[in-house]
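Taking it in order: structure first as structure tokens, then the write-up.
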Amino acid sequence: MDERQIEAHGRRDRTDTLMLHADANILVTGATGLIGGEFVRRLIREHAGKVYCLVRPRAGADPGQRLAGRLGSDSGGDEPRAGGRPTALAGDVTAERLGLSDDDFGLVTESVDVVLHCASELSFIREESCRRTNIAGMRNLIDLVRRCRRSPRIVHVSTATVCGTAVNRDVLESDVARDVDAHHNEYTRSKLAAEQVLRASGLPALVIRPSIVLSAELPSADFARAILWFLPLLNAFDAVPVDPDARVDVVPVAFVVNAMLALMRAERLEHDCYHVSAGRSAAMRCGQVAAFLDRYYRRTSPLRLLPPAQWTAAKHRRYVDTPERRRIFGTLRHYLPFLNMNVTYDNSRLRTALNGALPPVRPVTDYLPGLLDLITPALQAAGTLPCRQAC
Ligand SMILES: NC(=O)c1ccc[n+]([C@@H]2O[C@H](COP(=O)([O-])OP(=O)(O)OC[C@H]3O[C@@H](n4cnc5c(N)ncnc54)[C@H](OP(=O)(O)O)[C@@H]3O)[C@@H](O)[C@H]2O)c1
24 MDERQIEAHG
34 RRDRTDTLML
44 HADANILVTG
54 ATGLIGGEFV
64 RRLIREHAGK
74 VYCLVRPRAG
84 ADPGQRLAGR
94 LGSDSGGDEP
104 RAGGRPTALA
114 GDVTAERLGL
124 SDDDFGLVTE
134 SVDVVLHCAS
144 ELSFIREESC
154 RRTNIAGMRN
164 LIDLVRRCRR
174 SPRIVHVSTA
184 TVCGTAVNRD
194 VLESDVARDV
204 DAHHNEYTRS
214 KLAAEQVLRA
224 SGLPALVIRP
234 SIVLSAELPS
244 ADFARAILWF
254 LPLLNAFDAV
264 PVDPDARVDV
274 VPVAFVVNAM
284 LALMRAERLE
294 HDCYHVSAGR
304 SAAMRCGQVA
314 AFLDRYYRRT
324 SPLRLLPPAQ
334 WTAAKHRRYV
344 DTPERRRIFG
354 TLRHYLPFLN
364 MNVTYDNSRL
374 RTALNGALPP
384 VRPVTDYLPG
394 LLDLITPALQ
404 AAGTLPCRQA
414 C
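Numbering (our numbering), first residue to last: 24 to 414.
Right under this line is the structure:
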């Protein structure tokens, strides 16, 4: 079977039993990150099995310290879980055997029932790192899983943007951009390639494809900045080439973790791939976000959004007219295609799987002020918040 046939079959057969039973032992990659970290924090509160987290060593902080720092004080309180505290295992997905020591390799291959793979390069510009982390990393993960005694299921966190350069529609899980040129960047291309490597392996797997995930309610400026860094920069401009009617599909991280847990605990799943998204009805329009930013930053004149078709060379010269604006525009250009795609990600598979138990998606503007409050003061203090507001 080639990759297309595998995708067309949908491979239901391997996903129709409970994946995360109450005392399953789980290996989580990417647990220092946004989604993996929040997932492990939930496991601490409600899972009995062992939780192993693959964590990269960093200068000045060993994996245990890094994991403890990410999980914070919410480590189960006085009531230890049956499975004990999550255990950090030093490793790196780009290395063979994920870089595990012999002891840790033995631990994982003997005892793990589920692997949740959240580790990823998310940069839109580090192309080689995308390929190495996302594609070669998937191959290394598959090699490891093949050597595991308990034949663990792989739950792979991919991205809804594997639809590539799709525009103006409600994207289905089957809408993937197989043409290598039909991607805006190496990140989405490598995420699709990783899915294809996983499917071709024939291993039992569940692929989860979130839309844009925001760190709502988390007190971390780093996680807020990771996605929202470009919003304060819009203050440099009177106008930008963004379609005010374009929809953006954004979800808070708690919604993603809830959906992942529900899918992994479902008795039976009809599909092996699910969008975890706001969907058409709950997605915001860029114009609504711009109006919110006008109020939040108390702009003296509203930010004008011009559909890209109206952004002529003359308009570009008029609105991107200083060295500072040219520099900032250069950094924004990687994001603009995503804002203008005007796609939402159909979540009816997820709704059906959760049997009506999917909570409503919170409007972005409910939690955006809290996230901007985390990242704006540092820019103000450094004098790098572009000023179009009443300051
Ligand atoms: N955030 C979003 O909006 C979003 C949307 C759709 C899909 N996703 C997908 O969700 C998954 C998790 O994303 P996230 O937002 O949680 O990302 P994140 O916060 O950037 O976390 C990425 C994680 O991957 C780890 N990692 C990176 N390279 C690694 C390597 N070579 N070996 C081991 N670990 C490595 C990082 O470890 P360090 O701490 O050592 O760097 C970190 O724990 C990714 O697959 C991403 O594609 C995210």
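Backbone N, C-alpha and C define an ideal beta-carbon position, used for all residues, glycine too.
*Using 8 Å as the cut-off, classify the Cβ of arginine 441 as near or not near the heavy atoms of ligand 1, replying yes or no.*
Lying outside 24 to 414, the shown extent of the chain, residue 441 is not represented and no answer is given.
*asked:* Do valine 384 and alanine 301 count as a contact pair if the criterion is CB distance below 9 Å?
replied: Taking the first residue of the sequence shown as position 1, residue 301 is located at position 278. Taking the first residue of the sequence shown as position 1, residue 384 is located at position 361. Less than 9 Å divides the Cβ of alanine 301 from the Cβ of valine 384.
*Starting from histidine 339 and walking both ways along the alpha helix (DSSP H), at which residues does that stretch end?*
Position 316 of the sequence shown, counted from the start, is the residue given in the question as residue 339. It spans 336-342 - the alpha helix (DSSP H) in which histidine 339 sits, taken as one unbroken run.
*Just to confirm, does glycine 83 get its C-beta within under 8 Å of one of the non-hydrogen atoms of ligand 1?*
Counting from 1 along the sequence shown, the entry for residue 83 is found at position 60. Glycine 83: no, Cβ never under 8 Å from ligand 1.
*Length of the line joining the Cα atoms of alanine 262 and proline 382*: Residue numbering aside, residue 262 sits at position 239 when the sequence shown is read from its first letter. Residue numbering aside, residue 382 sits at position 359 when the sequence shown is read from its first letter. Pairing alanine 262 with proline 382, the inter-Cα distance amounts to about 36 Å.
*Assign valine 168 to one of two classes, buried (16 or more other C-beta atoms within 10 Å of its C-beta) or exposed (fewer than that).*
One-based indexing of the sequence shown puts residue 168 at position 145. Per the 10 Å Cβ criterion, buried.
*Within 8 Å: the Cβ of aspartate 115 and any heavy atom of ligand 1?*
For the purposes of this step, residue 115 is taken as residue 92 along the sequence shown, with counting starting at 1. Yes, ligand 1 has a heavy atom inside 8 Å of this Cβ.
_Quick check on glutamine 28: does DSSP put it in helix, strand or coil?_
To locate residue 28, count along the sequence shown from 1; it is residue 5. The predicted model places glutamine 28 with a pLDDT of 40, which falls under 50 and marks its position as unreliable; any figure quoted below should be read in that light. Reduced to three states, the DSSP call for glutamine 28 is helix.
*DSSP-derived helix/strand/coil call for cysteine 296*: To locate residue 296, count along the sequence shown from 1; it is residue 273. DSSP places cysteine 296 in the strand class (E or B) of the three-state scheme.
_Using 8 Å for Cβ pairs, my map puts alanine 285 next to leucine 377. What's the rounded Cβ distance?_
Translated into the one-based positions of the sequence shown, residue 285 becomes position 262. Translated into the one-based positions of the sequence shown, residue 377 becomes position 354. The beta-carbon distance between alanine 285 and leucine 377, rounded to whole angstroms, is 5 Å. This is short enough to meet the 8 Å contact definition.
*On the premise that cysteine 141 lies in contact with threonine 52, defined as a C-beta separation below 8 Å, what is that separation, rounded to the nearest angstrom?*
On the sequence shown, residue 52 is found 29 positions in, with the first residue counted as 1. On the sequence shown, residue 141 is found 118 positions in, with the first residue counted as 1. Right, their Cβ atoms sit about 6 Å apart.
*Cα separation between aspartate 419 and proline 400?*
The question about residue 419 has no answer here: the residues shown for the chain are numbered 24 through 414.
*Using a threshold of 9 Å, state whether the C-beta atoms of asparagine 163 and threonine 117 are closer than that.*
As a first step, residue 163 must be located in the sequence shown, where it is residue number 140. As a first step, residue 117 must be located in the sequence shown, where it is residue number 94. Taking 9 Å as the Cβ cut-off, asparagine 163 and threonine 117 qualify as a contacting pair.
*Helix, strand or coil for leucine 283 per DSSP?*
Translated into the one-based positions of the sequence shown, residue 283 becomes position 260. Note that residue 283 is methionine in the sequence shown, not leucine. In the structure shown, methionine 283 falls within a helical segment according to DSSP collapsed to helix, strand and coil.
_Alpha carbon of leucine 90 to alpha carbon of arginine 318, nearest angstrom_ = Position 67 of the sequence shown, counted from the start, is the residue given in the question as residue 90. Position 295 of the sequence shown, counted from the start, is the residue given in the question as residue 318. Each residue's Cα considered, the two are about 38 Å apart.
*Report the option in Leu394, Gly95, Ile398, Asn258 whose CA atom is closest to the CA atom of isoleucine 351.*
Your numbering for residue 351 matches position 328 in the sequence shown. With distances taken between Cα atoms, isoleucine 351 lies closest to Asn258.
*Measure the CB-CB distance between leucine 362 and aspartate 266 and report whether it falls below 9 Å.*
Working through the sequence shown from its first residue, we reach residue 362 at position 339. Working through the sequence shown from its first residue, we reach residue 266 at position 243. It is a contact, given that the beta carbons lie within the stated cut-off.
*Roughly how many angstroms lie between the CA atoms of tyrosine 358 and histidine 207, to the nearest whole one?*
In the sequence shown, the residue the question calls residue 358 occupies position 335. In the sequence shown, the residue the question calls residue 207 occupies position 184. Between tyrosine 358 and histidine 207, the alpha-carbon positions lie close to 9 Å from each other.
*Taking C-beta to C-beta, are glycine 129 and glycine 122 nearer than 9 Å?*
Locating residue 129 in the sequence shown gives position 106, counting from the first residue. Locating residue 122 in the sequence shown gives position 99, counting from the first residue. Going by C-beta atoms, glycine 129 is not nearer than 9 Å to glycine 122.
_In whole angstroms, give me the CA-to-CA distance for glycine 379 and leucine 373._
In the sequence shown, residue 379 corresponds to position 356, counting from 1. In the sequence shown, residue 373 corresponds to position 350, counting from 1. Each residue's alpha carbon lies about 9 Å from the other.
*Which of the three DSSP states, helix, strand or coil, is assigned to alanine 277?*
Along the sequence shown, one-based indexing puts residue 277 at 254. Looking at alanine 277 - three-state DSSP - the assignment turns out to be helix.
*Classify methionine 24 as buried or exposed, calling it buried when 16 or more other Cβ atoms lie within 10 Å of its own Cβ.*
Start at 1 with the first residue of the sequence shown, and residue 24 comes out as number 1. Note that methionine 24 scores a pLDDT of 37, beneath 50, so its modelled location is shaky; the value from the coordinates is reported in the next line. Methionine 24 sits exposed, since fewer than 16 C-beta atoms from the chains shown fall within 10 Å of its C-beta.
*Alpha carbon to alpha carbon, how far is glycine 87 from threonine 323?*
The count along the sequence shown starts at 1 and reaches residue 87 at position 64. The count along the sequence shown starts at 1 and reaches residue 323 at position 300. The straight-line gap from Cα to Cα measures roughly 48 Å.
*Given phenylalanine 253, which residues of its chain have a CB within under 6 Å of its CB, disregarding the five upstream and five downstream residues?*
The sequence position of residue 253 within the sequence shown is 230, counting from 1. Here the set comprises Leu355, Tyr358.
_Own chain, CB closer than 8 Å to threonine 132, minus 5 neighbours either side, in chain order_ = As a working mapping, residue 132 is identified with position 109 in the sequence shown. Leu167, Arg170, Cys171, Arg172, listed in sequence order.
*Under 8 Å by Cβ, that's how I've got aspartate 193 and alanine 47 pegged, so tell me the actual separation to the nearest angstrom.*
Locating residue 193 in the sequence shown gives position 170, where the first residue counts as 1. Locating residue 47 in the sequence shown gives position 24, where the first residue counts as 1. Not a contact, Cβ separation roughly 34 Å.
_Quick check: proline 242 and valine 274, are their CB atoms within less than 9 Å of each other?_
Walking along the sequence shown from the start, residue 242 turns up at place 219. Walking along the sequence shown from the start, residue 274 turns up at place 251. Cβ distance not < 9 Å, so proline 242 and valine 274 don't count as in contact.
*asked:* Quick test of your reading: valine 280 and arginine 68, contact by CB under 8 Å. State the CB separation rounded to the nearest angstrom.
replied: To locate residue 280, count along the sequence shown from 1; it is residue 257. To locate residue 68, count along the sequence shown from 1; it is residue 45. 11 Å between Cβ atoms; not a contact.
*Return yes when the C-beta of lysine 338 is under 8 Å from any heavy atom of ligand 1, and no when it is not.*
Taking the sequence shown and counting its residues from 1, one reaches residue 338 at position 315. No; taking the cut-off as 8 Å, the Cβ of lysine 338 has no heavy atom of ligand 1 nearer than that.
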